[in-house]
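To start, the structure itself, in structure tokens.
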Amino acid sequence: VMRPPVLLGVNFSGNTEAEEEAPGKRNVWAFRRAVERGIAVATFHAQDVDPDRNDFTDGIHPWFRAAGEPERGPHTWGTLAAWAWGLQRVAEALRGTGGVDPDRVGVVGHSRMGKAALLAAAFDDRIAFAIPSQSGTGGAAPSCTTAGETVRQINEGFPHWFALAFREFNDRPARLPFDQNSLLALVAPRPVLVCAATEDRWADPAGQFAMLASASSVWRLLGANGLPEGPMPDPGRALGGRVRYFLRPGEHAMGPEDWESYLDFVTTAT
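The numbering used here puts the first residue of the sequence shown at 75, with every later residue one more than the last.
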């Protein structure tokens with residue numbers, strides 16, 4: 075019996091509301107469409123791992139605090155890393171259920187959850203593939219740039235997302251010893267799909283494309299095809315195979331067209 079691959083992601087509203095969102099106006103979770111195409115979807119509530127607020131006493135952080143870290147907030151990891159940890163633990167559980175293909179459990183996420191999905195896959199090679207969708211700064215978009223959201227803006231707007239050390243680069247991002255192409259490269263040689271939208275300039279679509287193109291040299295080094303050389307694809311089209319970039323018209327959102335690109339990727343590249 076063929077067991078289905080799994081797309082695992084984090085939701086904001088809780089599992090019951092996520093299910094209700096699927097047939098509603100937001101179309102955030104395409105459960106029915108995924109099942110029609112033979113792909114399972116699994117999701118859990120972000121708050122069950124770490125609420126999205128600048129408070130390190132109400133999530134998993136107190137259970138993993140290093141010696142010398144202050145009670146109100148860790149120096150070494152933030153909320154994005156907590157969500158990535160949660161994705162890794164749930165992926166591990168899914169692989170042991172017997173009802174899905176243990177070799178095709180991948181992660182997907184939009185925006186901040188795209189950042190978490192990419193981080194989870196980068197540091198756990200048992201995760202079979204990654205789909206960071208419109209993940210922006212701290213995800214697939216570069217930090218060493220003047221386009222889109224800056225390092226200072228994301229650290230001031232979401233002070234709990236990253237390690238405190240990231241703040242040292244608020245006014246000098248060019249001093250960062252690496253950029254997000256290095257994070258993407260940690261997924262190699264596993265499949266990765268980076269998604270963007272034409273009007274989502276805050277998440278820097280061109281920068282995400284450049285980072286994926288740069289990271290592709292690592293896939294080639296490991297004997298896999300990287301992103302094909304050339305310009306960004308036209309809106310509504312995907313470029314690449316196991317390393318793929320999809321650009322659609324429109325704004326920052328996670329809707330039916332995005333899901334079709336996810337499902338096409340899982341079907342053809344994993």
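For every residue, glycine included, the Cβ atom is placed at its ideal position computed from N, Cα and C.
Through-space distance from residue j to residue i, alpha-carbon basis
i      : j      : result
PHE138 : ALA298 : 37 Å
LYS99  : ALA120 : Its pLDDT being 49, under 50, LYS99 is placed unreliably in this model, and the coordinates cannot settle the point.
ILE134 : PRO216 : 28 Å
LEU301 : HIS184 : 21 Å
TRP293 : ASP177 : 19 Å
LEU250 : GLY329 : 34 Å
LYS189 : LEU258 : 11 Å
ARG241 : ASP199 : 28 Å
GLY324 : PRO307 : 15 Å
GLN254 : PRO206 : 12 Å
ASN229 : ARG275 : 18 Å
PHE203 : ASP245 : 34 Å
ALA158 : GLY304 : 32 Å
THR344 : PRO144 : 42 Å
ASP132 : ASP124 : 7 Å
PRO279 : CYS218 : 14 Å
VAL317 : GLY160 : 25 Å
ARG169 : ASN128 : 32 Å
Neighbour-count burial assignment, residue i, 16 or more Cβ in a 10 Å radius
i      : result
VAL109 : exposed
HIS149 : exposed
THR171 : exposed
PRO136 : exposed
GLY314 : buried
PHE236 : buried
THR117 : buried
GLN227 : exposed
ALA140 : exposed
N-terminal and C-terminal residue of the beta strand (DSSP E) that residue i is part of
i      : result
VAL317 : 317 to 322
PRO206 : 204 to 207
LEU81  : 80 to 85
ALA116 : 114 to 119
ARG226 : Premise fails: ARG226 lies in the alpha helix (DSSP H), 225 to 231, not in any beta strand (DSSP E).
ARG311 : 311 to 314
Range covered by the alpha helix (DSSP H) that runs through residue i
i      : result
VAL182 : Run containing VAL182: none in the alpha helix (DSSP H); it sits in the beta strand (DSSP E), 179 to 184.
PHE339 : 330 to 343
ARG169 : 153 to 169
ALA259 : 254 to 259
VAL266 : No alpha helix (DSSP H) holds VAL266; the beta strand (DSSP E) holding it covers 266 to 271.
Residue i versus the options, residue with shortest Cα-Cα distance
i      : options                           : result
GLU88  : PRO78, PRO265 and ASP122          : It is worth fixing the name first, because residue 88 is Gly in this sequence and not Glu. Per the Cα distances, ASP122.
LEU321 : TRP293, ILE113, ALA312 and GLY329 : ALA312
THR342 : SER217, PRO265 and PHE86          : PRO265
ALA221 : GLY210, GLY231 and LEU82          : GLY210
VAL115 : LEU295, ASP308, VAL164 and VAL317 : VAL164
PHE86  : ARG186, ASP332, ASN128 and PHE252 : ARG186
ILE113 : PRO233, GLU223 and VAL179         : VAL179
TYR356 : TYR336, HIS326 and GLU325         : Because residue 356 is not part of the residues shown, which for the chain are 75 to 344, the question remains open.
SER256 : GLY324, MET285, GLU242 and ALA248 : MET285
ASP126 : THR117, TRP103, ALA167 and VAL84  : VAL84
GLY310 : ASN244, GLY304, TRP333 and LEU296 : TRP333
PHE283 : SER291, ASN229, ARG246 and ALA270 : ALA270
GLY213 : VAL340, ALA194 and ARG316         : ALA194
Integer-rounded CB distance, given that residue j should sit under 8 Å from residue i
i      : j      : result
LEU260 : ALA196 : 4 Å
GLY142 : ARG77  : Not really, about 45 Å apart at Cβ, beyond 8 Å.
ALA277 : HIS326 : 6 Å
VAL181 : ALA191 : 4 Å
LEU81  : VAL340 : 7 Å
is_contact[residue i, chain B] using C-beta, thresh 7 Å
i      : result
GLY172 : Going by chain labels, chain B is absent from the structure shown, which holds only one protein chain.
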